[in-house]
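This report refers to the structure that appears directly beneath it.
Number of protein chains: 2
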Amino acid sequence: MKKINLTDEFNSIQSYWEPKIVGELNEDYVKCAKLKGEFVWHSHKNEDELFLVVKGKLLIKMRDKDVLLKRGEFFIVPKGVEHCPVGQPEAHVLFVELKSTTKMGE
Amino acid sequence: MKKINLTDEFNSIQSYWEPKIVGELNEDYVKCAKLKGEFVWHSHKNEDELFLVVKGKLLIKMRDKDVLLKRGEFFIVPKGVEHCPVGQPEAHVLFVELKSTTKMGE
Numbered sequence: 002m003k004k005i006n007l008t009d010e011f012n013s014i015q016s017y018w019e020p021k022i023v024g025e026l027n028e029d030y031v032k033c034a035k036l037k038g039e040f041v042w043h044s045h046k047n048e049d050e051l052f053l054v055v056k057g058k059l060l061i062k063m064r065d066k067d068v069l070l071k072r073g074e075f076f077i078v079p080k081g082v083e084h085c086p087v088g089q090p091e092a093h094v095l096f097v098e099l100k101s102t103t104k105m106g107e
Numbered sequence: 002m003k004k005i006n007l008t009d010e011f012n013s014i015q016s017y018w019e020p021k022i023v024g025e026l027n028e029d030y031v032k033c034a035k036l037k038g039e040f041v042w043h044s045h046k047n048e049d050e051l052f053l054v055v056k057g058k059l060l061i062k063m064r065d066k067d068v069l070l071k072r073g074e075f076f077i078v079p080k081g082v083e084h085c086p087v088g089q090p091e092a093h094v095l096f097v098e099l100k101s102t103t104k105m106g107e
């Protein structure tokens, strides 16, 4: 039960695409990750996923549209929706997702 | 399924202490609220509550300690913990809380 400073958390992250759990909230984890370039297409069968951009720009590609997020913007990818996150060129992103959500989506 | 710009959301809020639902994520709502001055002491019996400060400063008073949050910092008040949020003098705050969480806590 301590406060979290997002700048400090991102400064502590050395690798891309490796979310760090920074909080636990009911059935969710709050995570921080640095995203650079393109990830892979995937979906989460049973979980919505929130992406909040803290720094940089993040493109979320979906099959029917793309959403470009900049600092102070968030988007919730609904369960089952295929998406591919792309750091442009790099983004610091806060996630909120169910503890059951796996990295690549099941 | 649209992106949310937090600055736009806060600009649209005219009243203090009236959270606006800006997103729905699994069993949670994402809410924005402008907080000014002191609220009331309360607790949420079954729900943790996340406070992320987007602008200004927010003091979260608890019975055993206080936590002062500034922009880019968050704190999760665990279920059952009495707390009193205080905008110092004003804060723009993003919340994530279970849909079952009521305003004053039950």
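Residue numbers (this note's numbering), protein chains in the order written: chain A, 2 to 107; chain B, 2 to 107.
Think of the CB as a built atom: it goes at the ideal place given N, C-alpha and C, for glycine as much as any other residue.
According to the Cβ coordinates, are residue i and residue j closer than 7 Å?
{"i": "A:Lys21", "j": "A:Phe96", "result": "no"}
{"i": "A:Gly100", "j": "A:Asn47", "result": "For the sequence presented, residue 100 of chain A should be read as Lys rather than Gly. In this structure, A:Asn47 does not lie closer than 7 Å to A:Lys100 by Cβ."}
{"i": "B:Pro86", "j": "B:Phe40", "result": "yes"}
{"i": "A:Lys37", "j": "A:Gly88", "result": "yes"}
{"i": "A:Leu59", "j": "A:Phe75", "result": "no"}
How about residue i: is its C-beta nearer than 7 Å to some C-beta of chain A?
{"i": "B:Gly88", "result": "no"}
{"i": "B:Phe76", "result": "yes"}
{"i": "B:Asn12", "result": "no"}
{"i": "B:Gly81", "result": "no"}
{"i": "B:Leu26", "result": "yes"}
{"i": "B:Asp67", "result": "no"}
{"i": "B:Lys56", "result": "no"}
{"i": "B:Asp1", "result": "Nothing can be reported for residue 1 of chain B, as the shown portion of chain B is limited to 2 through 107."}
{"i": "B:Leu70", "result": "yes"}
Quick one: is residue i buried, meaning 16 or more other Cβ sit within 10 Å of its Cβ, or exposed?
{"i": "A:Ala92", "result": "buried"}
{"i": "A:Asp49", "result": "buried"}
{"i": "B:Thr8", "result": "exposed"}
{"i": "B:Lys66", "result": "exposed"}
{"i": "A:Asn12", "result": "exposed"}
Taking just the CA atoms, how far does residue j sit from residue i?
{"i": "B:Glu19", "j": "B:Ile77", "result": "20 Å"}
{"i": "A:Trp42", "j": "A:His84", "result": "5 Å"}
{"i": "B:Gly106", "j": "A:Glu28", "result": "Interpretation of B:Gly106 is limited by its pLDDT of 43, a score under 50 that renders its predicted location unreliable; the figure taken from the coordinates is listed afterwards. The alpha-carbon atoms of B:Gly106 and A:Glu28 are separated by roughly 18 Å."}
{"i": "B:Met63", "j": "A:Lys62", "result": "42 Å"}
{"i": "B:Tyr17", "j": "B:Glu25", "result": "22 Å"}
{"i": "B:Val94", "j": "B:Lys35", "result": "6 Å"}
{"i": "A:Glu98", "j": "A:Ile14", "result": "19 Å"}
{"i": "A:Thr102", "j": "A:Ser44", "result": "10 Å"}
{"i": "A:Glu10", "j": "A:Leu51", "result": "18 Å"}
{"i": "B:Val82", "j": "A:Val23", "result": "20 Å"}
{"i": "A:Lys30", "j": "B:Tyr30", "result": "The question names Lys, but residue 30 of chain A in the sequence shown is Tyr. Going from the Cα of A:Tyr30 to the Cα of B:Tyr30 covers about 15 Å."}
Using a Cβ-Cβ cut-off of 7 Å, state whether residue i counts as contacting chain B.
{"i": "A:Ile22", "result": "no"}
{"i": "A:Val97", "result": "yes"}
{"i": "A:Leu59", "result": "no"}
{"i": "A:Lys4", "result": "yes"}
{"i": "A:Gly38", "result": "no"}
Any 3 or more C-beta pairs closer than 8 Å across the stretch 70-81 of chain A and the stretch 2-9 of chain B: Output reads yes: the stretch 2-9 of chain B touches the stretch 70-81 of chain A.
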